[in-house]
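Be aware that the sequence shown starts at 115, since it is given in the numbering used here, and climbs by one per residue.
One structure is given below, encoded as structure tokens.
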Amino acid sequence: MSLTLTRQLLLGLALAGALVAPAAQAFESFALYDDFNDSALDATRWPGGFGERIRGISSGRLRLFMREHGDTGSNVGYAGYTFAQRLPDPAAVNELKATITVKTVESVGCAGNASATSARARIYGDFFNTGARTAGSQLNDVSAQVRVKRDSDTSDAAGVLRVEGILLICGDASCNTSTTIGKVALGTAALGEAVKVRLQWDKTRNRFLFGRDGTGATSGYVSYTVSDATAPGVPLADVSTRLQVANCPSGDAVAAIDAYFDNLYVNSSAAP
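The structure is reproduced here in structure tokens:
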């Protein structure tokens, strides 16, 4: 076959292929989805999963910020979220003390839902289990904490926070439900106020001590009668923020907290 004929055949095949090639796709024009100019994420554009989180050192303090919406599939109960900085050897910890400053807080409930929305900053520990222990599960773990909080159903004036110590038994694997053993009211605080809080496990007397030092100093304790002989399913000791956001079909329920933690102390045998 001559070179000229070969070229003609190849050209013919190329032209035939061009005749059956698909037409170029007609692309849609771009439309703006989110310019991120709002002060917070739009939950209708970014549903599900975790909301907003910030963790870092700011001006010599640990900053923990979080913001969440409630589930929109129901108006019963709440969605719980925790953002924690955990100590590496919680089993050695039986005392915690820190200074907590809440800079901003948002706590909006849902009409028709009896569950309030709550935003909290806290020192926290799971110290033992009542006896029916499951490794990796907080079910029946006994938790002690001191928290600075604001609830959506509060009658307090804007900017007023409540400080309280609480001892409870976790009711599920993630401690989203619980049974309260007892509480200690530790007064109120204002946004931006540094609140010095502490908790101590007095195991020999079967009780936890809760206190507030400095301005508004007060203290109290909660006794328990359950067995403390079993280790917790999930040993924990941390500083953390916690949001419990009322479920709300309208999407109106929201919670946020911007908290700063300083001068964290533990019992001397647990210090690094």
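Here a beta-carbon is modelled for each residue, glycine too, at the ideal position from N, C-alpha and C.
Collapsing the DSSP output to three states places A384 in a helix.
Membership of Q259 in the beta strand (DSSP E) is indicated by the continuous run 255 to 265.
For G279, the enclosing beta strand (DSSP E) starts and ends at 274 to 284. Scanning the segment 173 to 230 for uninterrupted beta strand (DSSP E) segments of 3 residues or longer gives 175 to 183, 192 to 200, 209 to 222, listed from N- to C-terminal end. Here T329 carries a coil assignment [DSSP, helix/strand/coil].
DSSP places R312 in the uninterrupted beta strand (DSSP E) bounded by 308 to 316. By DSSP's assignment, S232 forms a beta bridge with D265, Q358.
With contacts defined as CB atoms closer than 8 angstroms, A303 and S266 fail to qualify as a contacting pair. For R247, the secondary structure class from DSSP, reduced to helix, strand or coil, is coil. Distance from the Cα of G306 is smallest, within the candidate group F141, K263, P204, E209, for K263.
Listed as beta-bridge partners of Y147 by DSSP are no residues whatsoever. Secondary structure of R159 (DSSP, three-state): coil. For the 8 angstroms CB-CB criterion, T213 and D376 form a contact. Shown here for R247: same chain residues with a beta carbon closer than 6 angstroms to its own, the five before and five after excluded, namely T344, G347 in chain order.
M180 places its beta carbon 8 angstroms or farther from that of Y192. Looking at G174, V256, G187, L357, the one whose alpha-carbon comes closest to that of T293 is V256. Rounded to whole angstroms, T291 and T244 show a C-alpha spacing of 16 angstroms. Annotation for L300: the continuous beta strand (DSSP E) segment containing it runs 292 to 304. Straight-line spacing of the CA atoms in L253 and R177 works out to 29 angstroms.
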